[in-house]
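Residue numbers (this note's numbering): 12 to 221.
Note that CB positions come from ideal geometry on N, CA and C, so glycine has one too.
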């Protein structure tokens, strides 16, 4: 093969690679924009149960800022009458006790009756949050839920709960560092976009028909 042919072939390959990189980049940032816009919107509607997704517990069982913000938002929704029951979802991470136990203690401290609080303490991922919470929700007779989490997390969380056959609305805990800090907000939103692109079945989940 002549040098000119080799140069032409390598040039075409470079253009193809650039086109692929450009397409992936546009896809990621386009989806990141959607993740961010979705997460900033208040979507709470009257529901059977408020589902609060866990976040990191610090040494000594101290709640992280994200966990505090999520419970604070859920308690506010409870007092507004959005739902009469709360399900806290999250297992034991690096530091005990479980995220769910720490969240329930906060909610009770902030005026929610203990009998209105339910726990799911086995999950360690968003998929498990949805799967294990659904088992509890079915026992409670719940069909419509409001999921509370950080804004960047809500689109993916909704999709996983939809895959479990639930009708899902979402409510963002806006007062978290990952949302208030611009760099953190950008990083976690782009990270979520990658996570969704790697799981198209989750991204394409639709609300169940009733």
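Restricting to Cα atoms, I'd like to know which of the options is closest to residue i.
i	options	result
residue 63	82, 134, 106 and 148	82
residue 60	46, 79, 159 and 218	159
residue 3	153, 105, 41 and 47	Because residue 3 is not part of the residues shown, which for the chain are 12 to 221, the question remains open.
residue 78	209, 206, 117 and 98	117
residue 189	177, 80, 69 and 122	80
residue 86	168, 201 and 115	115
residue 171	139, 199 and 196	139
residue 148	185, 195, 176 and 40	176
residue 84	196, 55, 68 and 70	55
residue 108	70, 127, 126 and 128	70
What is the rounded straight-line gap between the Cα of residue i and the Cα of residue j?
i	j	result
residue 112	residue 89	18 Å
residue 91	residue 180	16 Å
residue 183	residue 99	15 Å
residue 45	residue 217	16 Å
residue 49	residue 166	7 Å
residue 40	residue 124	43 Å
residue 74	residue 119	14 Å
Can you tell me whether residue i is buried or exposed, with buried defined as 16 or more other CB within 10 angstroms of its CB?
i	result
residue 110	buried
residue 33	No answer about residue 33 holds up, because its pLDDT of 49 lies below 50 and its placement is not dependable.
residue 96	buried
Between the beta-carbon of residue i and the beta-carbon of residue j, is there less than 8 Å?
i	j	result
residue 102	residue 134	yes
residue 72	residue 106	yes
residue 163	residue 203	yes
residue 174	residue 201	no
residue 156	residue 58	yes
residue 150	residue 187	no
Segments of 3+ residues assigned as beta strand (DSSP E) that fall wholly inside the region 95-164: Within the region 95-164, the complete beta strand (DSSP E) runs of at least 3 residues are 97-100, 128-131 and 155-160.
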